[in-house]
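Asks: Got a structure for you, questions after.
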Amino acid sequence: GSQMCSLEGHTKLVSSVSFAPDGKTLASGSYDKTVKLWDAASGAQKSSLEGHTNSVSSVSFAPDGKTLASGSDDRTVKLWDAASGSQMCSLGGHIP
-12 GSQMCSLEGH TKLVSSVSFA PDGKTLASGS YDKTVKLWDA ASGAQKSSLE GHTNSVSSVS
48 FAPDGKTLAS GSDDRTVKLW DAASGSQMCS LGGHIP
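In my numbering, the protein residues as written are -12 to 83.
Shown next, in the form of structure tokens:
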């Protein structure tokens, strides 16, 4: 296949990507400590989610696509509202 587009916006390595269940949004997590949401059709950045204090190593949408989880080397999992980009909660206490 051929490349459809290149999504540029992170300032460091991208460590994880996940499509929303409807295929319209793509989430990316990066060593730059951010999660970015992208419009999958146009490649436009929809939002940048900030709150982690270390590299983001994992991103995953809930089955209904309304919530996004991100895991980080800061030992937290954060839950985000996928529509607004607002942080819903931060789950800490993870031991290395």
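Glycine included, C-beta positions come from ideal geometry on N, C-alpha and C.
1. Using a C-beta cutoff of 8 Å, does A31 count as contacting chain C?
2. For E37, which residues of its own chain have a beta-carbon under 6 Å away from its beta-carbon, when the five flanking residues on both sides are left out?
3. Within 10 Å of its beta-carbon, does S15 have 16 or more other beta-carbons around it, so buried, or fewer, so exposed?
4. So is S59 buried or exposed if we call it buried at 16+ other beta carbons inside 10 Å?
5. By how many angstroms is the C-alpha of Q(-10) removed from the C-alpha of V43?
6. Can you tell me whether DSSP reads E37 as helix, strand or coil?
7. Whose C-beta lies closer than 7 Å to the C-beta of Q32 among residues of the same chain, with five residues either side of it excluded?
8. Per DSSP, which one or two residues make a beta bridge with K(-1)?
9. Would you kindly work out how many angstroms separate the C-alpha atoms of D19 and S45, rounded to a whole number?
Replies: Let's see:
1. Included in the structure is just one protein chain, with no chain C present.
2. The answer, listed in chain order, is T21.
3. So S15 ends up on the buried side.
4. The residue is buried, with at least 16 neighbouring Cβ atoms inside 10 Å.
5. Between V43 and Q(-10), the C-alpha separation is close to 25 Å.
6. Strand, per DSSP.
7. For Q32, where only same-chain residues beyond five positions count, the Cβ hits under 7 Å are G(-4), K23, W25.
8. DSSP output for K(-1) lists no bridge partner at all.
9. So the alpha carbons of these two residues sit roughly 13 Å apart.
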